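In the numbering used here, the protein residues as written are 1 to 383.
Structure first, commentary second.
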Ligand SMILES: Cc1ncc(COP(=O)(O)O)c(C=O)c1O
């Protein structure tokens with residue numbers, strides 16, 4: 001497999017050569033913990049113990065690395081396990097990191113409640129404001145600038161290329177959480193980022209049936225250090241989870257095209273709806289990050305957030321009235337989901353600089369017939 005192959009080809013073939021023993025066209029689930037050695041130290045294909053490496057996980061890691069244009073990929077038991085491995089490898093107690101003022105609540109909780117106790121200091125910064133980021137970098141030696149784009153749940157857009165430049169000038173690494181975009185829509189390493197994080201639980205897995213995470217990185221030496229921590233701390237993806245994630249990835253491009261199409265129609269309908277105060281979707285020309293998103297993304301993704309004129313209680317009631325949009329956390333599956341971030345996914349940021357508006361509703365727009373989705377939202381909003 002070469003990197004000249006297109007995205008869809010890599011998604012189906014990278015890391016997934018037919019099994020040399022049987023010709024199985026899909027990588028088998030190597031549900032195994034240990035491997036017979038041909039004499040002491042005589043490993044077959046580098047496999048000795050499945051925390052260190054497992055062939056099904058290797059297939060997933062090679063595929064994701066190819067999709068992101070990376071030197072290497074590493075697969076974990078969850079997105080949070082991937083984040084934990086990354087920070088413990090590239091930071092030390094006493095270091096300082098910049099994190100977004102709008103981000104997944106669990107990421108904030110990891111910095112504020114776990115790494116703070118380890119001695120890692122963080123500052124919160126609006127990552128769509130390049131001048132603000134530069135100012136913070138000038139004020140204090142910083143090890144990592146951590147961004148999401150689009151952000152969860154407010155769909156803010158950060159300029160990856162400009163932030164990579166600013167971070168590198170200050171001697172910091174730029175980490176991009178690419179979960180909302182997926183590698184089909186956006187490839188941050190090509191724009192200068194050092195490490196990309198995914199919760200593969202979302203679009204990469206795509207079917208709400210597996211929890212996982214990956215790290216991909218541009219630099220081989222950093223990859224070796226991260227692989228060392230991954231093995232030393234052990235938060236790896238199991239063989240069946242790796243297999244499910246890889247199965248999802250094969251259809252990523254086709255699914256993302258439809259997610260984007262449906263989400264655009266949902267955003268346009270909501271923008272015209274009298275009950276809606278504001279629609280947050282980078283595909284709308286009115287979105288402040290629209291131009292940057294157009295430059296660095298293939299399309300605008302399947303996530304749409306919006307605010308209700310009638311306030312928080314009305315938002316909570318609306319979330320309970322949909323028929324097809326299932327009330328639930330997570331995102332990126334084939335089925336549409338609705339949630340109230342303030343009381344659900346982002347409850348952990350209440351009272352912090354990352355607190356989200358109470359009248360906010362977040363949608364993960366799925367692959368159902370879009371007319372049905374529009375009808376469902378209209379009836380929920382008029383209820
Ligand atoms: C943007 C983002 N990053 C990271 C995570 C954490 O991933 P996981 O739930 O797989 O641990 C999530 C989970 O919702 C997320 O939305």
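All C-beta atoms, glycine included, are put in the ideal place defined by N, C-alpha and C.
Keep in mind it's a predicted model, so treat the numbers as computed, not measured.
Under 9 Å between C-beta atoms of residue i and residue j
i	j	result
residue 342	residue 360	yes
residue 252	residue 188	no
residue 100	residue 29	no
residue 158	residue 194	no
residue 24	residue 18	yes
residue 314	residue 220	no
residue 318	residue 329	no
residue 133	residue 97	no
residue 370	residue 229	no
residue 390	residue 166	Outside the displayed range of the chain (1 to 383) lies residue 390, so it cannot be described from this structure.
residue 334	residue 207	yes
residue 409	residue 303	This structure leaves residue 409 out entirely; the chain is present only between 1 and 383.
residue 22	residue 242	no
residue 368	residue 348	no
residue 245	residue 75	yes
residue 356	residue 155	no
residue 6	residue 200	no
residue 373	residue 266	yes
residue 248	residue 69	no
Start and end residues, beta strand (DSSP E) containing residue i
i	result
residue 287	From DSSP, residue 287 is part of no beta strand (DSSP E); its letter is neither H nor E.
residue 248	It is not in any beta strand (DSSP E) - residue 248 instead sits in the alpha helix (DSSP H) that spans 239-249.
residue 363	360-364
residue 331	It is not in any beta strand (DSSP E) - residue 331 carries neither H nor E in the DSSP assignment.
residue 213	213-217
Extent of the continuous alpha helix (DSSP H) run through residue i
i	result
residue 353	Run containing residue 353: none; DSSP gives neither H nor E here.
residue 227	220-233
residue 373	370-382
residue 342	Careful: residue 342 lies outside any alpha helix (DSSP H) and carries neither H nor E.
Exposure label - residue i; buried when at least 16 CB within 10 Å
i	result
residue 240	exposed
residue 15	buried
residue 323	exposed
residue 2	Low per-residue confidence applies at residue 2: pLDDT is 49, beneath 50, and the placement is therefore not dependable enough to give any value.
residue 177	buried
residue 382	exposed
residue 113	exposed
residue 202	buried
residue 327	exposed
residue 286	exposed
residue 379	exposed
residue 20	exposed
residue 53	buried
At least three beta-carbon pairs within less than 8 Å, the region 280-300 to the region 99-107: no
Those runs of the beta strand (DSSP E) which lie wholly inside the region 146-204 and span at least 3 residues: 173-177 and 195-199
Stretch pair the region 208-215 + the region 31-42: three plus CB contacts closer than 8 Å: no
Whole runs of the beta strand (DSSP E) within the region 71-149, excluding any shorter than 3 residues: 72-76, 96-100, 121-125 and 144-148
4 or more residues per run - each alpha helix (DSSP H) lying fully within the region 1-76: 7-13 and 55-68
contact_flag[the region 52-66, the region 84-95] where n(CB pairs < 8 Å) is 3 or more: no
Alpha helix (DSSP H) segments (min. 4 residues) lying fully within the region 268-327: 290-296 and 312-319
At least three beta-carbon pairs within less than 8 Å, the region 108-124 to the region 161-177: no
Cβ contact check for the region 258-275 and the region 294-309: 3 or more pairs under 8 Å: yes
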